[in-house]
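Taking it in order: structure first as structure tokens, then the write-up.
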């Protein structure tokens, strides 16, 4: 009598088109047993009469422990099952662990795919690249066409969902088409959860593959031979391409690896097939790419801050200053940052991998300069600057601090009405000394140190616009100079 795990393997290999003879040879069974369990998989539920072992109630539990922790030792297993009521000795536990581990050491038959039938993919970690004072982790996604062993590799600084999709599209373009199925391991960007043979794929991944008509296939846990072709490729990349090379940035790594693919990896005689991958590769067997290709860039909705920039991946990228306070769409690949407002592109930057940078476009700086000049020509600004040098200096500091100028100046002029011009100038001088830039700071100084000016209510006119007229503060020094000149005459 065989266990359910072996029955599962019989049916899994049968689904992979293995013959009864091949299944029997791989699992160490006779062909009659294989045929019987293919026709009647539930007969394993029948129990043969025999001697009952103290370990029988705990066998499934021990198998689960070994599956979760393959190197678990007999004393640890014994501790756990004794809590559950086991009264036997450690010898029977050791014997059963040996049996389980012997059953797991099964040979497997190399499975060859038809041309264009299958791609296998896998990530590899390759240390990091340095940019200025910061560094970025470096990953490689390897994609192999299973029949020919034709290989594609792309290096990235991330393994997130958008990066996986972007790399796969690059692979499809390199091969000139798409496969029938894509073999992945249990990466979270592809497989969310699996319980036994039940697999829940990542919905974003399924939606991506739907555009290309590709069926995903997830490897079984701890079954590296199911994607052995691509795992061997990662080792080959690490041992053949990586040593003794120097790289300046991500573009340089990808430029070098593409040259290596075209001159070395896909031109060598493969050890297994005895042919060059480029000669064995059948491009016409692949499915055609959709036209147009889906947008595979990393996408985020971001708010434009007062410094007319958006924050993305530790850096600040500028947009036209008219968009301050609005939400924009940023789309990024490994080279370019594109920013859109209402479906119209408003900015494009070269992506920077060094961290904590501000990336300005000269056009945006010029727009800010013109905008500030226009604001300074506003009548209220002229009235405020007529208060003297303190007002001019404070206005300059407000501009540098990216404060809302019109709103702040309007509030300061209201404070002038309430406390008087001399008190406001005193408060501005004190705020400048303490580097406090904003009308709230000035108001707090006035509230604490100054008394309100006694002012008679002005005559109100019927035309409201006339009531809002403000006049610049007169410069009394000019009148003094005029009076002195007349006396001399």
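Numbering (the numbering used here), first residue to last: 9 to 497.
No residue lacks a Cβ here, since even glycine has one placed at the ideal position from N, Cα and C.
C-alpha of residue 427 to C-alpha of residue 450: approximately 11 Å in a straight line.
Residue 363 has its alpha-carbon roughly 22 Å from the corresponding atom of residue 373. Taking the CA atoms as reference points, residue 327 sits about 36 Å from residue 433.
According to the DSSP assignment, residue 361 belongs to no beta strand (DSSP E), since it is labelled neither H nor E.
Counted as a single uninterrupted DSSP element, the beta strand (DSSP E) harbouring residue 143 occupies residues 142-153.
Taking 8 Å as the cut-off, the Cβ atoms of residue 245 and residue 148 count as close. According to the DSSP assignment, residue 268 belongs to the alpha helix (DSSP H) that extends over 258-268.
C-alpha of residue 430 to C-alpha of residue 388: approximately 18 Å in a straight line. According to the DSSP secondary-structure assignment, residue 445 is paired through a beta bridge with no residue. Counting the other CB atoms within 10 Å of its CB gives residue 377 a total below 16, which places it among the exposed residues. By the criterion of a C-beta distance shorter than 7 Å, residue 412 is surrounded by no residue of its chain, once the five residues flanking it on both sides are discounted. According to DSSP, residue 457 shares a beta bridge with no other residue.
Under the three-state reduction of DSSP, residue 192 is assigned to strand. Secondary structure note for residue 340: its beta strand (DSSP E) is the uninterrupted segment 335-340. Bounds of the beta strand (DSSP E) holding residue 310 are 306-311.
The Cβ atoms of residue 151 and residue 127 lie closer than 8 Å to each other. Take residue 269, set aside five residues on each side of it, and the residues of its chain with a beta-carbon closer than 7 Å to its own are 159, 160, 161, in chain order. Residue 183 and residue 238 have their alpha carbons spaced roughly 16 Å apart. Looking at the backbone, the Cα of residue 103 and that of residue 42 are separated by about 26 Å. Three or more Cβ pairs closer than 8 Å define a contact, and the stretch 212-221 meets that threshold against the stretch 290-298. Residue 401 carries a helical assignment under DSSP once its states are collapsed to helix, strand and coil. DSSP places residue 290 outside both helix and strand once states are collapsed to three, so it counts as coil. Out of 69, 101, 94, 68, the CA that lies nearest to the CA of residue 81 is found in 101. Minimum Cα-Cα distance from residue 437 among the listed residues 455, 456, 469, 396 corresponds to 396. Rounded to whole angstroms, residue 278 and residue 195 show a C-alpha spacing of 28 Å. Here residue 158 is bridged, per DSSP, to 153. Between residue 185 and residue 294, the gap from beta carbon to beta carbon is short of 8 Å. Rounded to whole angstroms, residue 391 and residue 310 show a C-alpha spacing of 37 Å. Rounded to whole angstroms, the Cβ separation of residue 225 and residue 176 is 14 Å, and the two are not in contact under 8 Å.
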